[in-house]
Amino acid sequence: MSRLFFILIIVVTALQGCVTSREIFLADGTKGHNVNCSGSGMNYSNCLEKAGEICGARGYQLLNQQGDVVPFSTAIREFSANERSSVGYLTQSGSIVTRNLFIKCK
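Have a look at this one:
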């Protein structure tokens, strides 16, 4: 029984999502960051907090903010058509929630 409970906790944690970032190159050749806080347990404040951690006291400039709530059936169709698609996380309502911030440190 405790093993089942442990697995359930892992699955719920995975569905909530986590904040990730990756370094990107902007059109002008400078470095920026794509901060992803997709998932039903996240919001844009999680992205902003991560942006603050990345840039520290220098601060950052918000270049773009993207987010969608896509019905799960639509996301699966799009994912099947293009295997390299990046899909967010499934929520209890049967939709995928994605959130991205594009920032540049000052």
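Going by my numbering, the first residue of the sequence shown is number -18, and it counts up by one from there. For each residue, glycine too, the CB sits at the ideal point set by N, CA and C. Remember, it's a predicted structure, so these values are computed and weren't measured experimentally.
Secondary structure at residue i, three-state DSSP: helix, strand or coil?
| i | result |
| --- | --- |
| Arg65 | Note that Arg65 scores a pLDDT of 47, beneath 50, so its modelled location is shaky; the value from the coordinates is reported in the next line. It is coil, neither helix nor strand. |
| Asn27 | helix |
| Ala20 | According to the sequence displayed, residue 20 carries Gly and not Ala. Here Gly20 sits in coil by DSSP. |
| Gly88 | Because residue 88 is not part of the residues shown, which for the chain are -18 to 87, the question remains open. |
| Gly13 | strand |
| Gly33 | helix |
Taking the C-alpha atoms as reference points, what is the distance between residue i and residue j?
| i | j | result |
| --- | --- | --- |
| Ser21 | Thr1 | 15 Å |
| Val110 | Gly33 | The structure shown does not extend to residue 110, since the chain is modelled only from -18 to 87, so the question has no answer here. |
| Asn15 | Leu7 | 10 Å |
| Ile5 | Arg(-16) | 40 Å |
| Phe83 | Cys18 | 12 Å |
| Ser26 | Cys(-1) | 12 Å |
| Asn24 | Ile77 | 13 Å |
| Arg39 | Leu29 | 14 Å |
| Leu43 | Gly10 | 17 Å |
By the DSSP assignment, the beta strand (DSSP E) with residue i in it spans what residues?
| i | result |
| --- | --- |
| Val78 | Ser76 to Cys86 |
| Ser2 | Thr1 to Phe6 |
Can the beta-carbon of residue i be found less than 9 Å from the beta-carbon of residue j?
| i | j | result |
| --- | --- | --- |
| Arg3 | Gln47 | no |
| Cys86 | Lys31 | no |
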